[in-house]
Amino acid sequence: TSIYQLCDVIGFAIALNLLFPKVPLVAGCAISIADVMVILLFYNPDKSMRGLRIFEYFILCLVMGVVICFCIQLSLIQNTSVGEVFRGYLPSKSIVEQQGLYQACGILGATVMPHSLYLGSGIVQPRLREYDVKRGLVPPRPSPSSTSGNQVSEKTYYIPSLEAIQSSLKTSIAELAIALFTFALFVNSAILIVAGASLYKNPDAVDADIFSIHDLLASSISPAAGILFALALLLSGITAGIVCTIAGQMVSEGALNVKMRPWLRRLMTRSISITPSIIIAGAVGRSGLNAALNGSQVALSIVLPFVTAPLIYFTSRNKFMTVRSGPARLQVEGQPTLVTGQRNEGDDVKMRNAWYTTAIAVVIWLIIAIMNVANLVLLGEGQ
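232 is the number that the numbering used here gives to position 232 of the sequence shown; each next residue is one higher, with no gaps.
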């Protein structure tokens, strides 16, 4: 998550500098910590769903802002063949020419974000609890005396009911499909279309960084295209920064078992990425930030196979994917599980992926792994 937060901070700082040239890059990196304040205001998974929904709508507005910016940019492009655009979706040898594979890995890492695997599992927890609470499937919380004086808030774990899992699973699949095949596909396609239409066969575009691309868009399409490019970069940086900070919090409190106040944990997670960004901006400037941005995105792509391999394995095994039937439960450490109603051991549901789903996942995993290995080999050869 720290790698991806580095991308977010750099993108935010560059966009702020493009929109407001008087704001130095170092100050832009420091200002990016403001998104933590937004998280503190609205995101609290232990409270009611109202704050979470406000947070989700806020993120949706930011994403829609990015989409609108690229819609306007696409409308400004002239003399572009639709056939050539669709031909660009087909594999070609150009992906291994010059920096094609390096850029492809960067796009992959920026789109299929490794930390989103943690975020998706964590963000659904309040919805599961809301489903069970509305239907009376959650047992009453134990009193402090029943836990021998231990702090109930730190030792009590909520385990959702089967009905809540099945309901939330359908919603999550629909949300994921819509997000990937609409917003993500459109935005990434629009970026490449705008870049291809304005920068292809342009001698000034060779080895261009984000600052140069902004200037080329403004000169080759219109000044508005450059402003919209910077605005889209700013909105995407804010969105990704907020999302990544939450994912970092989930990793620290779950996998790493770090116990501290939520606001301090979020501030610490964000500071880890801001510090190197400020150092790079102050020591190297534009060229350093641009190289760090591209390199960090490629690093995310390299990490992706290592993160997804356990996920593919776990979701293909009944040992890990069997869900108990019956109502929700409260598990207190060192105490018997608290339930409401009765359950039948024979009604447990096995929810592992089908064999063909696992096979498709393995094929995709192999493609990503081969791309990353080839990219590392080409980089080692200086290509």
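For each residue, glycine too, the CB sits at the ideal point set by N, CA and C.
Approximately 10 Å separates the beta-carbon atoms of residue 74 and residue 221; this is outside 8 Å, ruling out the contact. Three or more Cβ pairs closer than 8 Å define a contact, and the stretch 3–18 meets that threshold against the stretch 282–300. Here DSSP, grouped into helix, strand and coil, assigns residue 308 to helix. In summary, residue 185 is exposed, with fewer than 16 beta-carbon neighbours lying within 10 Å of its beta-carbon over all protein chains present. Shown here, residue 350 sits in a strand according to DSSP, grouped into three states. 27 is the residue among 93, 27 and 70 whose C-alpha sits nearest the C-alpha of residue 282. Pairwise C-beta distances place the stretch 58–72 in contact with the stretch 174–191, as three or more of them are shorter than 8 Å.
Cβ-Cβ distances below 7 Å link residue 234 to 12, 15, 16 and 19 in the same chain, with the five nearest sequence neighbours on each side left out; the list follows chain order. In the DSSP assignment, residue 131 falls within the alpha helix (DSSP H) that extends over 125–134. The beta carbons of residue 160 and residue 132 sit closer together than 9 Å. Of 321, 374 and 367, the smallest CA-CA separation from residue 348 is found for 321. Rounded to whole angstroms, the separation of the alpha carbons of residue 119 and residue 250 is 7 Å. Burial state of residue 270 is buried, judged by a 10 Å Cβ sphere holding 16 or more other Cβ atoms.
Going by beta carbons, residue 164 and residue 128 fall inside the 9 Å limit. Residue pairing by DSSP places residue 322 opposite 350 in a beta bridge. In the three-state reduction of the DSSP assignment, residue 79 falls in the coil class, being assigned neither a helical nor a strand state. Where residue 215 is concerned, the enclosing alpha helix (DSSP H) starts and stops at 210–220. For the alpha helix (DSSP H) assignment, the uninterrupted runs of no fewer than 4 residues enclosed by the stretch 167–204 are, from N- to C-terminal side, 185–199.
Collapsing the DSSP output to three states places residue 20 in coil.
Residue state for residue 90 is assigned as coil, using DSSP reduced to three classes.
A straight-line Cα-Cα distance of about 46 Å links residue 209 and residue 351. Sixteen is the threshold: when 16 or more other Cβ atoms of the shown chains lie within 10 Å of the Cβ of residue 245, as they do, the residue is buried. Per DSSP, the unbroken alpha helix (DSSP H) holding residue 27 starts and ends at 25–31.
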